[in-house]
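Add 60 to the 1-based position in the sequence shown for this note's numbering, that's all there is to it. Comments concern the structure below.
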Amino acid sequence: MHGISVRWQSFLPIIPFLLPRRHIFALDFRGHGESGRADGSYAVDDYATDVSALIAQRIKETPIIFGHSLGGMVAMRVAAKVSVKALVIGDSPMFSETIRSRVSKTPSMKQLAGDSFSVNELAALLSKRFPGADPAFYRYWAQSRRKVDPEALKAFEQWFLQYDCTDDLTKITCPVMLLQSDWICDNDVARAKELSPDIIALKFENLSHELHNESRGYKVVAPILQFLESLE
């Protein structure tokens, strides 16, 4: 499950490594990609309701969920409510204290969405506001953002400061792998391990928040495959 303002294609760099052993369901959240708009209903519970319905209606076995950023936040909410075999959480914001300490340093996203910009225009704006990535990534991100309902980004910025996964983690009993890079700090990892009984964490200091979707994202592949093969 992808992050805010992108779409299922963010997992294209890693899907080929998973396909030989797994059946992949890669979705676009409501308001993203080719999914429908939802009249402003863009809270974690709304996304989790959609995912739970997908699991109930389409997935015949207990799923493993890989969620990046927003996708990981939703994954934890889903796993707190329905049976999940395991979670892979890709650098998802977890606790409100960390979020509030970081959010003032994070540029607003809500103005840069929808199809009012061309891909080139939006890629240029994104590269100025979020420097450090390569040109191909900005073009991909721009095209993804052109397919996002601007209301989804407005809603995200409204509820994001209040988000906290503490209650969800206390209800999760399946194995969890945390992929830590930019948004998950060491204190978050320690706290998560106190709340949920079966968590392992891997720290990738030289990767950005994008993890698997950046040029060095291959570094996460082997640990993910090893974690998946450890499951009974």
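Beta carbons are placed, not taken as given, at the ideal position from N, Cα and C, and that holds for glycine. This structure is a prediction, so every number in the text was calculated from the model and none was measured.
Note down, in chain order, each residue of its chain lying with its Cβ closer than 8 Å to the Cβ of residue i, except the 5 sequence neighbours on either side.
i, result
"residue 186", "172, 198, 201, 202, 205"
"residue 192", "268"
Can you give me the C-alpha to C-alpha distance between residue i and residue j, rounded to a whole angstrom?
i, j, result
"residue 85", "residue 233", "22 Å"
"residue 183", "residue 280", "26 Å"
"residue 218", "residue 276", "32 Å"
"residue 282", "residue 74", "10 Å"
"residue 140", "residue 92", "24 Å"
"residue 286", "residue 176", "43 Å"
"residue 143", "residue 122", "7 Å"
"residue 254", "residue 180", "46 Å"
"residue 71", "residue 272", "7 Å"
"residue 68", "residue 156", "26 Å"
"residue 77", "residue 125", "15 Å"
Which first and last residues belong to the alpha helix (DSSP H) in which residue i is found?
i, result
"residue 139", "130-139"
"residue 252", "246-255"
So the beta strand (DSSP E) residue i belongs to, where does it begin and stop?
i, result
"residue 222", "Counting along the chain, residue 222 falls outside any beta strand (DSSP E), and DSSP gives it neither H nor E."
"residue 240", "236-240"
Please determine, among the options, the residue with the shortest C-alpha to C-alpha distance to residue i.
i, options, result
"residue 120", "147, 129, 128, 82", "82"
"residue 194", "163, 228, 274", "274"
"residue 261", "255, 271, 238", "238"
"residue 102", "138, 64, 278, 250", "64"
Is there at least one Cβ from chain B nearer than 7 Å to residue i's Cβ?
i, result
"residue 116", "Checking the listed chains, one finds no chain B in this structure; it contains a single protein chain."
* To do: Scan the stretch 152-231 and note each continuous alpha helix (DSSP H) run of 4 residues or more that stays entirely inside, going in chain order.
  => 156-163, 179-189, 195-206, 210-219, 226-231
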